[in-house]
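Protein chains in written order, with this note's numbering: chain A, 1 to 561; chain B, 562 to 887.
Think of the CB as a built atom: it goes at the ideal place given N, C-alpha and C, for glycine as much as any other residue.
Below is one structure, written out as structure tokens; the observations come after it.
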Amino acid sequence: MDGTPNQAAGEHKLPAEHYLNATYGIRSWLLTTDHKRIALLYLASVTFFFFVGGIFATLIRIHLLTPSGLLVTPETYNKLFTMHGVAMIFFFLIPSIPAVLGNFLIPIMIGAKDLAFPKINLLSWYIYIIGGCFVLYSFCTGGLDTGWTFYTPLSSIYSNSAVTPAVIGIFINGFSSILTGLNFLVTVHTMRAPGMTWFRLPLFVWSHYATSLIMILGTPVIAITLLLAGLERMFHFGFFNPAYGGDPILFQHLFWFYSHPAVYIMILPAMGVVSEIIPTFVRKPIFGYSFIAASSIGIAVIGFIVWAHHMFVTGEATYAAIAFSFLSYLVAIPSAVKVFNWTSTLYKGSVSWETPMLYALGFIGLFTIGGLTGLFLACLGLDIHLHDTYFVIAHFHYIMVGGAVMGYVGGLHFWWPKITGRLYPEYLARAAAIILFVGFNLTFFPQFILGGLGMPRRYHNYPPEFQVLNVMSTAGASILALGYLLPMVYLTWSMRYGKIAGPNPWPSTGLEWKTASPPLTENFHETPVVDWEPYDFVHRPDLGLSGAKAPGKLAPAHGDD
Amino acid sequence: MQSQLPLYPESASNFAPDVDGLMLFIVSVCIFFAVAITIAVIYFFFRYKRKAPDEIGAPIHGDLRLEITWIVLPFFLLMAMFGWGAVIYVDYRHTPSDTLDVYVIGKQWMWKLEQPNGRREINELHVPVNRNVRLILASEDVIHDFSVPAFRVKMDVIPGHYNNMWFRPTKAGRYHFFCSQYCGTSHAIMGGWVIVMEQDEYAAWLAGASNSGDPVEVGAKLYNDLACSTCHEPNGKGRGPSYNGVYGSKVKLADGSTVTADDAYIRESILQPNAKIVAGYQPVMPSFQGLVSEDQILALTAYIKAQKDQPVPGKPAAGEPATGKK
Numbered sequence: 001m002d003g004t005p006n007q008a009a010g011e012h013k014l015p016a017e018h019y020l021n022a023t024y025g026i027r028s029w030l031l032t033t034d035h036k037r038i039a040l041l042y043l044a045s046v047t048f049f050f051f052v053g054g055i056f057a058t059l060i061r062i063h064l065l066t067p068s069g070l071l072v073t074p075e076t077y078n079k080l081f082t083m084h085g086v087a088m089i090f091f092f093l094i095p096s097i098p099a100v101l102g103n104f105l106i107p108i109m110i111g112a113k114d115l116a117f118p119k120i121n122l123l124s125w126y127i128y129i130i131g132g133c134f135v136l137y138s139f140c141t142g143g144l145d146t147g148w149t150f151y152t153p154l155s156s157i158y159s160n161s162a163v164t165p166a167v168i169g170i171f172i173n174g175f176s177s178i179l180t181g182l183n184f185l186v187t188v189h190t191m192r193a194p195g196m197t198w199f200r201l202p203l204f205v206w207s208h209y210a211t212s213l214i215m216i217l218g219t220p221v222i223a224i225t226l227l228l229a230g231l232e233r234m235f236h237f238g239f240f241n242p243a244y245g246g247d248p249i250l251f252q253h254l255f256w257f258y259s260h261p262a263v264y265i266m267i268l269p270a271m272g273v274v275s276e277i278i279p280t281f282v283r284k285p286i287f288g289y290s291f292i293a294a295s296s297i298g299i300a301v302i303g304f305i306v307w308a309h310h311m312f313v314t315g316e317a318t319y320a321a322i323a324f325s326f327l328s329y330l331v332a333i334p335s336a337v338k339v340f341n342w343t344s345t346l347y348k349g350s351v352s353w354e355t356p357m358l359y360a361l362g363f364i365g366l367f368t369i370g371g372l373t374g375l376f377l378a379c380l381g382l383d384i385h386l387h388d389t390y391f392v393i394a395h396f397h398y399i400m401v402g403g404a405v406m407g408y409v410g411g412l413h414f415w416w417p418k419i420t421g422r423l424y425p426e427y428l429a430r431a432a433a434i435i436l437f438v439g440f441n442l443t444f445f446p447q448f449i450l451g452g453l454g455m456p457r458r459y460h461n462y463p464p465e466f467q468v469l470n471v472m473s474t475a476g477a478s479i480l481a482l483g484y485l486l487p488m489v490y491l492t493w494s495m496r497y498g499k500i501a502g503p504n505p506w507p508s509t510g511l512e513w514k515t516a517s518p519p520l521t522e523n524f525h526e527t528p529v530v531d532w533e534p535y536d537f538v539h540r541p542d543l544g545l546s547g548a549k550a551p552g553k554l555a556p557a558h559g560d561d
Numbered sequence: 562m563q564s565q566l567p568l569y570p571e572s573a574s575n576f577a578p579d580v581d582g583l584m585l586f587i588v589s590v591c592i593f594f595a596v597a598i599t600i601a602v603i604y605f606f607f608r609y610k611r612k613a614p615d616e617i618g619a620p621i622h623g624d625l626r627l628e629i630t631w632i633v634l635p636f637f638l639l640m641a642m643f644g645w646g647a648v649i650y651v652d653y654r655h656t657p658s659d660t661l662d663v664y665v666i667g668k669q670w671m672w673k674l675e676q677p678n679g680r681r682e683i684n685e686l687h688v689p690v691n692r693n694v695r696l697i698l699a700s701e702d703v704i705h706d707f708s709v710p711a712f713r714v715k716m717d718v719i720p721g722h723y724n725n726m727w728f729r730p731t732k733a734g735r736y737h738f739f740c741s742q743y744c745g746t747s748h749a750i751m752g753g754w755v756i757v758m759e760q761d762e763y764a765a766w767l768a769g770a771s772n773s774g775d776p777v778e779v780g781a782k783l784y785n786d787l788a789c790s791t792c793h794e795p796n797g798k799g800r801g802p803s804y805n806g807v808y809g810s811k812v813k814l815a816d817g818s819t820v821t822a823d824d825a826y827i828r829e830s831i832l833q834p835n836a837k838i839v840a841g842y843q844p845v846m847p848s849f850q851g852l853v854s855e856d857q858i859l860a861l862t863a864y865i866k867a868q869k870d871q872p873v874p875g876k877p878a879a880g881e882p883a884t885g886k887k
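This is the structure:
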């Protein structure tokens with residue numbers, strides 16, 4: 001279509017002009033307002049933080065090879081797991097899919113030239129970098145040993161580490177999330193191309209819409225909470241420390257009011273990625289489009305009223321605990337609906353085994369285990385046994401690494417041809433996906449058993465009977481590390497040497513595949529008009545697949561315009 | 562006692578069979594769904610493998626009956642898990658009245674425990690088998706958590722709060738306890754052993770050498786040293802209420818409400834005396850926040866507890882006794 005010559009011959013060429021070669025020089029990147037270039041700035045910076053967090057994780061796993069701890073002092077160990085959590089959660093997971101893939105794709109997917117506020121988009125990145133610098137400063141000048149949860153009064157009074165710069169960094173970084181969320185919401189509301197009704201939106205956009213709601217409603221709360229903890233630390237204001245008349249439980253309520261919804265900030269975009277990958281690689285419409293879209297919103301809404309399930313053993317009122325347990329079980333339903341619909345989409349499909357599909361199916365398996373083990377922790381009677389053990393660690397990593405990171409890496413592979421215009425080596429990529437899947441399970445499955453046995457989290461040493469399972473976990477982690485290094489290498493390699501992809505290599509049905517790869521700075525030569533239903537392969541003769549009928553037999557467009 | 566690769570902890574309290582039964586139920590449901598989904602994914606993956614490069618899948622958009630089924634059916638299963646879990650939790654949070662009370666103080670990075678007769682322990686807890694035991698938990702600094710995996714219970718230990726936990730050990734033996742709420746540098750070594758003894762052994766152990774004074778005596782000394790005695794005269798004529806008969810009674814407050822004089826009330830009255838003013842007295846007591854340690858509060862509580870059978874001064878037997886604060 002736009003600017004893409006028909007490639008009947010099979011060999012593709014990069015378009016003459018695209019967003020990567022439109023301008024040159026460092027200034028053209030640091031002062032860009034192109035959402036695609038900003039996405040790449042984010043790609044570089046979240047990869048950096050992923051690497052930092054990954055090094056901490058590696059050291060943690062090596063240290064835990066022996067019951068008495070192999071590598072570092074207790075103090076250093078505590079800093080390692082804290083900094084691992086802070087780097088990964090606030091500076092990798094939360095921005096990863098929204099700020100990289102969402103930034104790059106949302107405007108193209110809805111047929112817009114850019115986000116609604118391009119300069120604010122760039123500002124978001126600078127805020128992220130400033131926040132990140134504060135946190136790195138904290139890591140380099142004494143480190144941080146409070147746990148990523150910053151529980152008071154440990155963080156506000158007793159810790160001797162560099163808490164204040166870290167808290168300031170996370171406070172600042174929050175504004176980056178808020179502005180990104182705001183930008184997405186306004187863009188989706190106001191900049192959809194003609195014919196792009198709400199119910200023709202790709203599910204990736206729906207899930208980012210839900211994520212953005214959480215970002216703008218939840219992030220201010222964490223920012224204020226950490227600010228209060230910082231004020232207590234710096235000026236001894238009595239918010240949380242009982243010695244000053246405060247209450248440490250108040251901090252936990254405020255903290256989890258954001259930080260529980262924040263796990264949905266991390267997982268919802270990955271669900272959006274999977275909802276794009278699966279229809280493409282089975283070449284049929286996604287099963288239950290409106291149920292998947294509605295479940296994203298359902299998760300975002302119910303996710304806000306489950307926070308105190310992190311506090312079942314703080315001595316909170318029994319009635320409150322019962323209410324929060326009930327609500328936590330409710331939020332399981334929209335997640336289950338998604339899994340059932342993805343699985344059903346495979347039925348009678350034309351399933352291809354390409355790399356993004358392997359990640360998507362890996363995601364379904366791992367997210368299912370992560371989600372199901374959440375049922376243990378939502379259960380009041382079991383939580384009194386499993387709370388604060390390795391069971392929680394395993395559950396959390398199944399959702400966050402098995403879910404969110406698998407979704408992110410799968411999404412990178414899926415859209416890599418669009419982002420760079422080139423393909424990666426397919427068989428190497430499939431091998432990496434399988435290595436990741438195996439390494440991941442070997443790392444984290446033993447931790448469920450450790451948790452059931454009662455091994456508490458955040459322990460730099462442990463009773464000897466837990467050693468075998470810990471060694472298994474460390475062995476898995478080394479496989480996992482290989483699984484992450486491989487894509488870093490071959491994706492980087494492919495940027496220069498990969499095969500030219502063409503505009504729609506899979507092919508897929510979304511608007512982003514109707515423009516060149518890489519796209520123009522303005523995304524489209526002329527504003528596209530959407531006259532097909534999402535994930536419809538039948539009425540799309542332009543995809544060059546068999547069994548296609550002429551367009552025009554449109555199902556009645558549902559939703560408003 | 563321990564295999565190289567244990568898969569499930571020992572079961573040694575009244576809660577363990579309940580929790581394990583529930584665990585088995587949830588594990589079964591989860592394995593069923595995980596296996597069903599995995600088999601479906603793998604089966605579809607091979608069964609519908611693309612045969613021709615330009616092939617497309619069947620244009621199926623969804624099925625309302627299926628959607629309703631997989632919303633409603635899981636809902637009932639989830640509610641079963643929720644209900645069963647809530648029953649165990651309510652039982653756990655409702656301490657029976659016939660408990661043996663042990664006071665537990667967490668501080669960076671050790672546990673100080675005190676038996677009912679004042680015998681002190683560090684990082685060890687001796688309890689008799691088949692007896693309901695209540696732990697009354699207090700922290701001197703940050704949040705800790707007292708966790709006994711073999712009993713399947715834990716509870717946070719929070720500064721400024723008293724938390725309770727209870728269990729009934731069912732099997733003699735030695736079991737790990739851990740601090741399971743991260744509390745700083747040496748969090749991982751802040752643990753110890755729960756030693757469950759036969760009842761007669763426990764009685765003999767308890768009667769053995771006590772390494773500190775009887776808490777009532779310590780409390781009596783503090784009562785004089787901290788000058789509590791100048792206001793809280795036993796005869797009820799001081800500026801503060803007498804301790805006689807206070808513990809466990811209903812205390813009438815200046816605002817007309819009543820409160821039960823339990824451990825938490827006494828603690829609060831020492832640290833924030835003006836939070837609850839006993840009817841008929843002025844709010845003149847200074848706060849002892851920062852002046853008394855958690856140990857000393859426990860000793861004072863023990864002393865006040867010991868006065869509960871002393872004659873209540875002044876008022877005749879009719880009506881509410883003039884009881885109240887320290």
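Under 8 Å by beta carbon: chain A residues contacting residue i
| i | result |
| --- | --- |
| residue 635 of chain B | 332, 333, 336 |
| residue 580 of chain B | 381, 382, 384, 385 |
6 Å CB neighbourhood of residue i in its chain, flanking five on each side removed
| i | result |
| --- | --- |
| residue 664 of chain B | 675, 697, 859 |
| residue 705 of chain B | 667, 718, 740, 742, 744 |
| residue 114 of chain A | 35, 107 |
| residue 561 of chain A | Note that residue 561 of chain A scores 41 on pLDDT, short of 50, meaning its location in the model is unreliable and no value can be drawn from it. |
| residue 52 of chain A | 87 |
| residue 101 of chain A | 411 |
Length of the line joining the Cα atoms of residue i and residue j
| i | j | result |
| --- | --- | --- |
| residue 299 of chain A | residue 332 of chain A | 8 Å |
| residue 728 of chain B | residue 186 of chain A | 55 Å |
| residue 27 of chain A | residue 707 of chain B | 56 Å |
| residue 50 of chain A | residue 99 of chain A | 14 Å |
| residue 803 of chain B | residue 242 of chain A | 28 Å |
| residue 466 of chain A | residue 451 of chain A | 10 Å |
| residue 282 of chain A | residue 430 of chain A | 17 Å |
Interface partners of residue i on chain B, CB under 7 Å
| i | result |
| --- | --- |
| residue 238 of chain A | Ordered by position in chain B, no residue passes the 7 Å Cβ test against residue 238 of chain A, which lies about 11 Å from the chain. |
| residue 348 of chain A | 609, 618, 619, 621 |
Neighbour list for residue i in chain B, Cβ cutoff strictly below 9 Å
| i | result |
| --- | --- |
| residue 283 of chain A | 611, 616, 617, 618 |
| residue 392 of chain A | Near residue 392 of chain A there are no residues of chain B at all, since even the closest Cβ is about 10 Å away, more than 9 Å. |
| residue 461 of chain A | 749, 750 |
| residue 361 of chain A | 602, 603, 606 |
Distance CB(residue i)-CB(residue j) smaller than 7 Å
| i | j | result |
| --- | --- | --- |
| residue 580 of chain B | residue 174 of chain A | no |
| residue 530 of chain A | residue 196 of chain A | yes |
| residue 441 of chain A | residue 64 of chain A | no |
| residue 712 of chain B | residue 574 of chain B | yes |
| residue 154 of chain A | residue 703 of chain B | yes |
Residue i in three-state terms, based on DSSP
| i | result |
| --- | --- |
| residue 389 of chain A | strand |
| residue 236 of chain A | coil |
| residue 357 of chain A | helix |
| residue 566 of chain B | coil |
| residue 338 of chain A | helix |
Sequence-distant residues of the same chain with beta carbon closer than 8 Å to residue i, five excluded per side
| i | result |
| --- | --- |
| residue 172 of chain A | 127, 130, 131, 134 |
Chain B contact residues for residue i, given Cβ-Cβ distances below 8 Å
| i | result |
| --- | --- |
| residue 33 of chain A | Per Cβ cutoff of 8 Å: no residues; residue 33 of chain A is ~39 Å from chain B at best. |
| residue 75 of chain A | 746 |
| residue 339 of chain A | 598 |
| residue 313 of chain A | 706, 715, 716, 717 |
Per-residue contacts from residue i into chain A (C-beta, under 7 Å)
| i | result |
| --- | --- |
| residue 697 of chain B | Per Cβ cutoff of 7 Å: no residues; residue 697 of chain B is ~12 Å from chain A at best. |
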